[in-house]
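Undergrad: Sending over a structure as structure tokens; questions will come in a sec.
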Amino acid sequence: MAETMWGFDLGSTAMKAVRLTRTWKGFRLVDYSFLPFEPGDEGDPREKWLQGLHKIFPDGIKRAAGLILSMPSHRTMVHRVTLPFKERSRNNKIIRFEVEPLLPLPIEQVAVDFYTWKNGEANQTALAFAVPKEEVKKLLSLFQEARLDPESIIPEALSLMGLAQKMPEDSTTRVILDLGHEKTTCVVWDNMALRMARSIPLGGGALNRAMGKEFGIQFATDRGRKD
């Protein structure tokens with residue numbers, strides 16, 4: 002793993018990036034970028050995204066070493082499955098067969114990975130994450146056009162679990178609700194293990210629209226009042 006890495010999130014209203022560096026205590030935040038999109042912008046979103054990427058990473062791949070992308074939760078299908086083997090390498094070979102009956106798409110059209118909260122046990126429960134390959138291709142092609150080479154793509158739910166790992170350990174069940182503009186990501190964990198991940202199609206945008214209708218104000222003003 003690189004000594005320095007970037008985490009990146011492409012949202013519906015902004016793009017966000019954080020740069021972490023490894024220390025003897027773990028990782029330390031050393032830089033961040035937050036680029037909001039203009040409200041009501043009707044232009045080509047890809048051009049808007051590329052402009053933002055060039056602002057954050059003006060030197061391309063040299064600046065973005067160790068780049069990790071977050072796959073939005075509403076683009077990800079999550080299912081709980083039971084995996085028969087102790088070794089992750091063996092479960093990697095059969096995870097597609099375990100999740101195939103649960104998917105609305107042919108298995109050939111999705112990329113699949115899984116998360117387990119106990120390693121080295123047979124018949125362990127896992128969360129399987131499946132993403133349409135077209136979604137992965139769209140995301141990667143955007144970064145390739147910006148001269149960036151991501152190291153990996155991880156589900157948004159696992160990104161949020163990084164927050165959980167910074168909290169005091171106990172056995173209680175806890176929840177993080179990440180309120181976005183058009184959707185909310187929910188993760189549930191206990192004993193520092195992710196138990197559930199869901200994308201809820203309701204976010205701050207619904208509140209903006211409700212306030213705009215109630216008070217007769219525009220989106221930008223509305224968002225400022227809500228904040």
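Take the sequence shown: its letters are residues 2 to 228, numbered as in the numbering used here. The beta-carbon is built from N, C-alpha and C at its ideal position, and this holds for glycine as well. Since the model is a prediction, treat every value here as computed from it, not as a measurement.
If the criterion is Cβ atoms closer than 9 Å, does the pair leucine 161 and threonine 185 meet it?
TA: Reading the sequence shown from its first residue, position 160 is the one you call residue 161. Reading the sequence shown from its first residue, position 184 is the one you call residue 185. The answer is no: Cβ separation not under 9 Å.
Undergrad: Could you tell me the alpha carbon to alpha carbon distance between glycine 274 and threonine 83, rounded to whole angstroms?
TA: Since the first residue shown for the chain is 2 and the last is 228, residue 274 is missing from the structure and cannot be characterised.
Undergrad: For tryptophan 190, count the other beta carbons within 10 Å of its own beta carbon; 16 or more makes it buried, fewer makes it exposed. Which is it?
TA: Taking the sequence shown and counting its residues from 1, the one referred to as residue 190 is at position 189. Looking at its Cβ environment, which holds 16 or more other Cβ atoms inside 10 Å, tryptophan 190 is buried.
Undergrad: What are the boundary residues of the alpha helix (DSSP H) that includes isoleucine 96?
TA: Locating residue 96 in the sequence shown gives position 95, where the first residue counts as 1. First-last of the alpha helix (DSSP H) with isoleucine 96: 89-100.
Undergrad: Return helix, strand or coil for isoleucine 69, following the three-state DSSP convention.
TA: Reading the sequence shown from its first residue, position 68 is the one you call residue 69. Isoleucine 69 falls in the strand class under three-state DSSP.
Undergrad: Compute the Euclidean distance between the alpha carbons of glycine 217 and asparagine 209, then round it to the nearest angstrom.
TA: For the purposes of this step, residue 217 is taken as residue 216 along the sequence shown, with counting starting at 1. For the purposes of this step, residue 209 is taken as residue 208 along the sequence shown, with counting starting at 1. Cα to Cα, the separation comes out at about 11 Å.
Undergrad: Taking the straight line between their C-alpha atoms, what separation do you get for isoleucine 96 and leucine 159?
TA: Reading the sequence shown from its first residue, position 95 is the one you call residue 96. Reading the sequence shown from its first residue, position 158 is the one you call residue 159. Roughly 18 Å separates the two Cα atoms.
Undergrad: Here's a check: name, in chain order, each residue in its chain whose Cβ is nearer than 6 Å to the Cβ of asparagine 192, leaving out the five neighbours to either side.
TA: Residue mapping note: residue 192 aligns to position 191 of the sequence shown, counting from 1. Answer for asparagine 192: Ser172, listed in chain order.
Undergrad: Going by beta-carbon coordinates alone, are alanine 129 and leucine 54 separated by less than 9 Å?
TA: On the sequence shown, residue 129 is found 128 positions in, with the first residue counted as 1. On the sequence shown, residue 54 is found 53 positions in, with the first residue counted as 1. Between alanine 129 and leucine 54, the CB-CB gap reaches or exceeds 9 Å.
Undergrad: Rounded to whole angstroms, what is the Cα-Cα separation between aspartate 223 and arginine 91?
TA: To locate residue 223, count along the sequence shown from 1; it is residue 222. To locate residue 91, count along the sequence shown from 1; it is residue 90. Its pLDDT being 49, under 50, aspartate 223 is placed unreliably by the model, and the measurement read from it follows with that caveat. The straight-line gap from Cα to Cα measures roughly 52 Å.
Undergrad: Since leucine 140 contacts isoleucine 154 with CB under 8 Å, what's their CB separation in whole angstroms?
TA: Here the question's residue 140 lines up with position 139 in the sequence shown. Here the question's residue 154 lines up with position 153 in the sequence shown. Taking 8 Å as the upper bound for CB-CB distance, leucine 140 and isoleucine 154 are in contact here, some 7 Å apart.
Undergrad: Tell me which residues share the same chain as glycine 61 and place their Cβ nearer than 8 Å to its Cβ, disregarding the 5 neighbours each side in the sequence.
TA: Translated into the one-based positions of the sequence shown, residue 61 becomes position 60. Answer for glycine 61: Ala147, Arg148, Leu149, listed in chain order.
Undergrad: Report yes if the CB atom of glutamate 122 is closer than 9 Å to the CB atom of methionine 6, and no otherwise.
TA: Within the sequence shown, residue 122 is the residue found at index 121, counting from 1. Within the sequence shown, residue 6 is the residue found at index 5, counting from 1. Not in contact: glutamate 122 and methionine 6 (Cβ atoms no closer than 9 Å).
Undergrad: For leucine 51, which residues of its own chain have a beta-carbon under 8 Å away from its beta-carbon, when the five flanking residues on both sides are left out?
TA: Walking along the sequence shown from the start, residue 51 turns up at place 50. By the criterion of a C-beta distance shorter than 8 Å, leucine 51 is surrounded in its chain by Leu143, Glu146, Ala147, once the five residues flanking it on both sides are discounted.
Undergrad: Could you check the C-alpha separation between glutamate 39 and threonine 14 for me, to the nearest Å?
TA: Working through the sequence shown from its first residue, we reach residue 39 at position 38. Working through the sequence shown from its first residue, we reach residue 14 at position 13. Taking the straight line from one Cα to the other gives about 8 Å.
Undergrad: Would you identify the three-state DSSP class for proline 46, choosing helix, strand or coil?
TA: Here residue 46 refers to the residue found at position 45 of the sequence shown. The answer is helix: DSSP assigns proline 46 an H, G or I state.
Undergrad: Hey, out of Pro156, Val176, Glu157, whose CA is closest to alanine 165's CA?
TA: Translated into positions along the sequence shown, residue 165 becomes position 164. Residue Val176 is the option with its Cα nearest to alanine 165.
Undergrad: Near valine 100, which residues of its chain fall below 7 Å by C-beta distance, leaving aside the five closest residues on each side in sequence?
TA: Translated into positions along the sequence shown, residue 100 becomes position 99. Taken in chain order, the residues that qualify are His80, Val82, Val113, Ala129, Ala131.
Undergrad: If I'm right that leucine 68 touches phenylalanine 9 with Cβ under 8 Å, what's the distance once you round it to whole angstroms?
TA: For the purposes of this step, residue 68 is taken as the residue at position 67 of the sequence shown. For the purposes of this step, residue 9 is taken as the residue at position 8 of the sequence shown. Cβ-Cβ separation between leucine 68 and phenylalanine 9: approximately 6 Å, consistent with a contact (criterion under 8 Å).
Undergrad: Specify, as a first and last residue, the run of the beta strand (DSSP E) that arginine 199 falls within.
TA: In the sequence shown, counting from the first residue as 1, residue 199 sits at position 198. Here the beta strand (DSSP E) through arginine 199 covers 194-201.
Undergrad: Buried or exposed for arginine 47, please, with buried defined as at least 16 other CB atoms from any protein chain shown within 10 angstroms of its CB.
TA: Translated into the one-based positions of the sequence shown, residue 47 becomes position 46. Arginine 47 counts as exposed, since fewer than 16 other C-beta atoms from the protein chains shown sit within 10 angstroms of its C-beta.
Undergrad: Please report how far the alpha carbon of asparagine 93 lies from the alpha carbon of isoleucine 108, in whole angstroms.
TA: Translated into positions along the sequence shown, residue 93 becomes position 92. Translated into positions along the sequence shown, residue 108 becomes position 107. Each residue's alpha carbon lies about 14 Å from the other.
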